[in-house]
Amino acid sequence: VTLQPPQRAARRAGVAQGQGQGGGDDELAVSSVGHDPFPRSQSTRIARFHDTATVMHSKAKPKKVALDSTNGETYVYLCKQEKNGDLRKDARLMEFNAVVNRFLQRDVGGRQRSLRLRTYSVVCLNEESGLLEWVPDTAPMRGLIAEAYAVFPALDFPRFSTATVRDAFCNLQTEGGRQADMGAKFRETVFDQFTPCFHRWFLSAFKEPTAWFEARSRYARSCAVWSAVGHTVGLGDRHLENILVDTKAGELVHVDFDCLFDKGVTLARPEVVPFRLTSHMVDGMGVAGYEGIYRRCMEVTFSVLREHQGTLLSVLEPFLQDPTVGWDRQGRSEQSALDHGGRHGVDPKRVLSTVRGRLRGVYNLRDSHAWTRNSGKPKPPSGLSDSTLEFSVQGQVQRLIEEATSDENLCLMYVGWMPWL
């Protein structure tokens, strides 16, 4: 942008408007008069912060803050500090999810079913602290299951995490034995105390039949998409506080993405299921369970992921190669693995190899790169042996559902994960 004499600027402006087409002079002058690259009238700015903040009850004690903007709207954020994690992982995974959403919208089947991953904004202040967009009208799934039990007529059930339930489950794991026997004992002593009833919450929250059906369908679709994408990127730590439900629409919202790329298998109690698909989650899908909307939407999602696997891997590679992401930040639950010779960080090539195999249809959870970081513990037995065979989309979905719902795998999970819900 240059300032020019008025006559010369007018002559060149005339050329730009077509007055000098025959002269061969195709230069164009750009006037800088009145140019404002960041107009205040069109941008939204912070007007003020609210005087009070809410301290949440979770372990990290994050603060819920609200602010008023110049456009008259009120925005709510969660100010959180990750002592043992890195919020930049959350920010990068939100970017990856946004790419997946674009591919799902381009696909005919995904667009017809409105498949998507519910995302939210993450602003990292440093490697420990950041601001997370507060998703309105959401509640943890654990609380909604409790409400389902209380719906009239109320069902009798023990508290989700009483000493009796915890002791029975921990004793089951301590005694050990054949995995088939452990799975049968888990169903008899722990699982049968909690009758699956999550469908009752949908009946209570959505009185109108059409709204109830749409909410239940939206729940099953979102559950399928999160299961497919979560398994692909090795997302773990899916306990009931990290899975939120939109109480107005029935859609799932996952939070806390520190446990990525099979990091869950390095925990003191390794996670041996590909994703969470417990009895209450299946019960919320209706009488067909996972044999209806869930299965078909999961097949559509995996088809889209396979079609665009090159692009998705290229998005993940700089994420893994980024030296600023705190892969070395370990939580207390992982310290035991490090004490037994486990390694910090991840090997990007091996991680991409694991993800690439899943995009081709290989079930490789027990052959994951992450097991080498947990050298102090043997691999748990599996009811179905791993194979390098590349499944079709339908075969891959069937295998994942079998692994996620197997009592033999659920009885090996951490007690705080509550596999009986």
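Residue numbers for the sequence shown, in this note's numbering: 412 to 832. All C-beta atoms, glycine included, are put in the ideal place defined by N, C-alpha and C.
Q) Opposite ALA550 in the DSSP bridges: which residues? A) VAL656
Q. Going by the beta-carbon positions, is the gap between LEU724 and THR643 smaller than 8 Å?
A. no
Q) Alpha carbon to alpha carbon, how far is ARG777 from VAL683? A) 8 Å
**Q.** Nonlocal neighbours in the same chain, by C-beta distance under 7 Å from PHE580, ignoring five residues either side
**A.** Its chain contains VAL601 and VAL826 as the residues whose beta carbon lies nearer than 7 Å to that of PHE580, once the 5 sequence neighbours on both sides are disregarded; these appear in chain order.
Q) Taking buried to mean at least 16 other C-beta atoms within 10 Å of its own C-beta, is ARG743 buried or exposed? A) A caution first: ARG743 carries a pLDDT of 38, below 50, which makes its placement in the model unreliable, though a value can still be read off. Exposed, by the Cβ-count rule.
Q) When the Cα atoms are used, what is the spatial distance from ALA631 to GLU710? A) 13 Å
Q: Alpha carbon to alpha carbon, how far is ARG611 from GLN604? Give it in angstroms, no decimals.
A: If I take the Cα positions, the gap works out to 17 Å.
Q: Kindly confirm or deny that the stretch 656 to 666 and the stretch 545 to 561 touch, where touching means at least three C-beta pairs closer than 8 Å.
A: yes
Q: Can you tell me which of VAL533, GLN523, GLY541 and PHE507 puts its alpha carbon nearest to the alpha carbon of GLN492?
A: Cα-wise, what sits closest to GLN492 is GLY541.
Q) Residue ranges of each beta strand (DSSP E) run of no fewer than 3 residues wholly in the stretch 600 to 663, ordered along the chain? A) 654 to 657
Q: Alpha carbon to alpha carbon, how far is PRO734 from THR585? Give it in angstroms, no decimals.
A: 40 Å
Q.
Per the DSSP calculation, SER540 is bridged to which residue(s)?
A. GLN492.
Q. Since ARG527 contacts VAL636 with CB under 8 Å, what's their CB separation in whole angstroms?
A. ARG527 to VAL636, Cβ: 7 Å. Contact.
Q: Return the CA-CA distance between VAL534 and ASP497, expressed in angstroms with no decimal places.
A: 12 Å
Q | Span separating the alpha-carbon of PHE668 from that of HIS446 | A | 42 Å
Q: Kindly indicate which residue of VAL466, GLN805 and GLU652 has the alpha-carbon position closest to the one of ARG687.
A: Nearest option by C-alpha distance: GLU652.
Q: Would you identify the three-state DSSP class for VAL762, choosing helix, strand or coil?
A: In this structure, VAL762 counts as helix in the three-state DSSP scheme.
Q.
Rounded to the nearest angstrom, what separates SER714 and GLY721 at their Cα positions?
A. Between SER714 and GLY721, the C-alpha separation is close to 13 Å.
Q: Return helix, strand or coil for LEU800, following the three-state DSSP convention.
A: Here LEU800 sits in coil by DSSP.
Q) Helix or strand or just coil, what does DSSP make of CYS535? A) strand
Q: Would you check if the distance between the CB atom of GLU819 and the CB atom of GLY594 is smaller than 8 Å?
A: Their beta carbons are under 8 Å apart, which means GLU819 touches GLY594 by this criterion.
Q | Three-way DSSP call (helix, strand, coil) for ASP479 in this model | A | strand
Q: Could you check what DSSP says for TYR486 in three-state terms: helix, strand or coil?
A: Strand at TYR486.
Q) Going along the chain, which residues of its own chain have a beta-carbon closer than 7 Å to the beta-carbon of HIS650, five neighbours each way excluded? A) GLY827, TRP828 and MET829
**Q.** Bounding residues of the beta strand (DSSP E) (the contiguous stretch that carries ALA458)
**A.** 457 to 460
Q: Can you grab the Cα-Cα spacing for the pair GLU558 / ALA679, in whole Å?
A: 32 Å
Q: Leaving aside the five residues before and after LEU583 along the sequence, list all residues of the same chain whose C-beta is less than 8 Å from its C-beta, in chain order.
A: MET593, LYS596, PHE597, THR600, VAL601 and CYS822
Q. The alpha helix (DSSP H) with ASN582 in it runs from where to where?
A. 574 to 586
Q: Decide if GLN807 is buried, meaning its Cβ has at least 16 other Cβ atoms within 10 Å, or exposed.
A: buried
Q | Alpha-carbon spacing of ARG769 relative to LYS674, whole angstroms | A | 16 Å
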